[in-house]
């Protein structure tokens with residue numbers, strides 16, 4: 155099974171310990187870790203902090219592409235912030251939540267699980283069953299653990315991108331409409347002043 159896995163620990167140090175252990179055991183008999191990353195919620199936004207790739211690529215290179223990089227990009231983008239609840243009044247909030255899925259997906263579960271300042275470990279893994287990785291991670295006392303098939307997460311990322319595009323389009327249209335109304339209001343003010351000048355002029359004669 156090829157899964158995307160998100161784990162949240164009670165202690166920050168345990169998150170980095172888990173990343174280190176996955177890196178050391180990434181090619182074990184029970185599981186293989188393709189990529190893993192630590193993200194942190196700061197200022198209401200999910201940000202990449204550390205990670206590794208099994209092929210040895212540095213984080214700055216691989217994190218910008220592929221499934222894990224795309225997932226982290228969504229988590230740290232406007233939709234991730236929206237689903238995390240920090241700006242629930244953002245344009246299209248109800249539409250975005252409904253469009254993602256009736257079931258809680260990886261994106262929504264991750265951003266909602268993270269409190270401000272908290273870390274999460276996200277990894278792409280191949281495992282025969284869940285026991286191998288669970289035996290490594292459970293001693294570190296995780297408070298949240300979630301697995302989703304890579305195909306499911308990939309589809310969720312694509313859907314999230316579509317929602318972001320729609321949100322951006324709606325935001326542009328709202329801004330354009332509001333700006334037009336501002337110009338109209340300004341024009342009304344100018345017309346009122348001109349009429350007042352005409353009235354004053356007429357009163358003089």
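Residue numbers (our numbering): 155 to 359. The beta carbon of each residue, even a glycine, is placed where N, CA and C say it ideally should be. Remember, predicted model here, so these are calculated numbers, not experimental data.
Contact under 9 Å by Cβ, residue i with residue j
i, j, result
"residue 187", "residue 276", "no"
"residue 236", "residue 321", "yes"
"residue 260", "residue 160", "yes"
"residue 225", "residue 307", "yes"
"residue 190", "residue 202", "no"
"residue 195", "residue 270", "yes"
"residue 228", "residue 304", "no"
Alpha-carbon spacing of residue i relative to residue j, whole angstroms
i, j, result
"residue 264", "residue 185", "22 Å"
"residue 255", "residue 309", "Because residue 255 sits at a pLDDT of 39, beneath the cut-off of 50, its placement in the model cannot be relied upon, and the following sentence gives the value as read from the coordinates. Cα to Cα, residue 255 sits roughly 11 Å from residue 309."
"residue 178", "residue 267", "27 Å"
"residue 272", "residue 181", "28 Å"
"residue 348", "residue 330", "27 Å"
"residue 353", "residue 346", "11 Å"
"residue 287", "residue 183", "11 Å"
"residue 340", "residue 356", "25 Å"
"residue 164", "residue 285", "21 Å"
"residue 283", "residue 220", "24 Å"
"residue 242", "residue 199", "For residue 242, the pLDDT reaches just 38, beneath the cut-off of 50, and the residue's location in the model is therefore unreliable, although a value from the coordinates is still provided. The straight-line gap from Cα to Cα measures roughly 13 Å."
"residue 300", "residue 316", "24 Å"
"residue 342", "residue 328", "21 Å"
"residue 358", "residue 350", "13 Å"
"residue 250", "residue 262", "Its pLDDT being 44, under 50, residue 250 is placed unreliably by the model, and nothing is read from it."
"residue 197", "residue 344", "42 Å"
Option nearest residue i by Cα separation, candidates the options
i, options, result
"residue 314", "233, 301, 268, 329", "233"
"residue 279", "208, 164, 167", "208"
"residue 294", "172, 155, 302", "172"
"residue 205", "267, 331, 221, 174", "174"
"residue 231", "342, 330, 318", "318"
"residue 223", "198, 199, 193, 197", "193"
"residue 397", "289, 344, 300, 316", "This structure cannot speak to residue 397, because the chain is shown only from 155 to 359."
Counterpart residues of residue i in DSSP-defined beta bridges
i, result
"residue 361", "Outside the modelled stretch of the chain, which goes from 155 to 359, sits residue 361, for which no answer is possible."
"residue 195", "200"
"residue 205", "191"
"residue 156", "280"
"residue 352", "Answer is none; residue 352 lacks a bridge partner."
Same chain, Cβ closer than 6 Å to residue i, five either side skipped, listed in chain order
i, result
"residue 166", "273"
"residue 298", "162, 267"
"residue 302", "158, 260"
"residue 137", "The structure shown does not extend to residue 137, since the chain is modelled only from 155 through 359, so no value can be given for it."
"residue 156", "280, 304"
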